[in-house]
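There are 2 protein chains.
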Amino acid sequence: MSYEDAIAALADPTRRVIIDRLRRGPLPVGHIADGMQISRPAVSQHLRVLSDAGLLTVTPSGTKRLYAIAPDGVDNLRRYLDNLWDDALAAFARAAEDQAKGKSDE
Amino acid sequence: MSYEDAIAALADPTRRVIIDRLRRGPLPVGHIADGMQISRPAVSQHLRVLSDAGLLTVTPSGTKRLYAIAPDGVDNLRRYLDNLWDDALAAFARAAEDQAKGKSDE
DNA sequence: ACTTTCTGTAAGCGATAACTTACGGTAAGT
DNA sequence: ACTTACCGTAAGTTATCGCTTACAGAAAGT
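Chains as they are written, first to last, in the numbering used here: chain E, 160 to 265; chain F, 160 to 265.
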């Protein structure tokens, strides 16, 4: 749910591959695992992590389970980075000013 | 340098604490480590990871070394998430449409 | 009812990551 | 020249993570 879990989930390359496969739309587990170099249970475990992080939603459809990217989860992380971006720019500008005035540090 | 390294670096809670301490401006290593519950060498190791990921810049100043957030590095990650956000929204809208038409999956 | 399909979970193993202490090295002050 | 302050790196340990195989369960078809 929190952006902390989301960024931890997206830190894994394999999970980003899974996310990439869901960019076009929802897919069942088997279809996601097809062509991947890891076992299907491994994919299931990754899907669990992504779901717990609020990045995916699940909708059962018969025996299949459709996974889809949850926009809200992505937005959480996006806002964190936007905030960090703003602060970084402000600090950068301030440091440039201070250096022009001759101050080096605190 | 790449957003992959950046997201892996920011996945660690301790490294996010370090980033938070640099939001107001550049700081030397000792000042960053003060008040933290891990040793100073541990902080140094984290700073190395963040630097390698392109999230920090280093400017030697006497015996001290000033670390600062690199806006470019943050922006890399920001763009990745903006892209993912766009795709997620489009896929979400398409899935809602498809469901309205009665299609369940592929 | 039985089989098939699709999926989640448990147990166990190997690799990696984060931490510690100890050491080395550079810049400034006396 | 010597000391002090500040910092990075090496070596070693412990915990966590990602993977595999094996098993269990639910839904649909025959």
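We put the beta carbon where it would ideally sit given N, CA and C, even for glycine.
Computed from a prediction, not measured in an experiment: that's the story for all the values here.
Exposure label - E/P219; buried when at least 16 CB within 10 Å: exposed
Cα-Cα separation, E/P230 to E/A259: Pairing E/P230 with E/A259, the inter-Cα distance amounts to about 43 Å.
Heavy atom of the ligand HEM within 6 Å of E/P219 beta-carbon: Looking for the ligand HEM in the displayed structure turns up nothing, as the structure carries no ligands at all.
Proximity test, Cβ basis, 7 Å: E/A165 and chain F: no
Straight-line gap, E/S263 to F/K223 (C-alpha atoms, nearest Å): Annotation note: pLDDT 44 at E/S263 (below 50); position unreliable, no value reported.
Member of F/L248, F/G221 and F/A252 whose CA lies at the smallest distance from the CA of E/G232: F/L248
Collapsed DSSP secondary structure at E/L169 in the structure displayed: helix
Residues that F/V217 bridges to, as DSSP identifies them: F/Y226
Cβ of F/R174 within 7 Å of any chain E Cβ: At a cut-off of 7 Å between C-beta atoms, F/R174 does not count as an interface residue with respect to chain E.
Interface flag, F/P230 vs chain E, CB-CB below 7 Å: yes
Own chain partners of F/R238 with C-beta closer than 8 Å, once the 5 adjacent residues on each side are dropped: Y162
Pair within 7 Å by beta-carbon distance, E/A212 and E/A170: No, the pair does not count as a contact, with Cβ atoms beyond the cut-off.
Alpha carbon of E/A255 to alpha carbon of E/N235, nearest angstrom: Computed Cα separation, rounded: 31 Å.
Minimum Cβ-Cβ distance from E/V208 to chain F less than 7 Å: no
Those residues which DSSP pairs with F/P187 across a bridge: F/L225.
Neighbour list for F/R237 in chain E, Cβ cutoff strictly below 9 Å: R237, L240, D241, L243 and W244
Length of the line joining the Cα atoms of E/Y226 and F/D245: 18 Å
Supposed close pair E/V202, E/V188 - CB separation, criterion 8 Å: 6 Å
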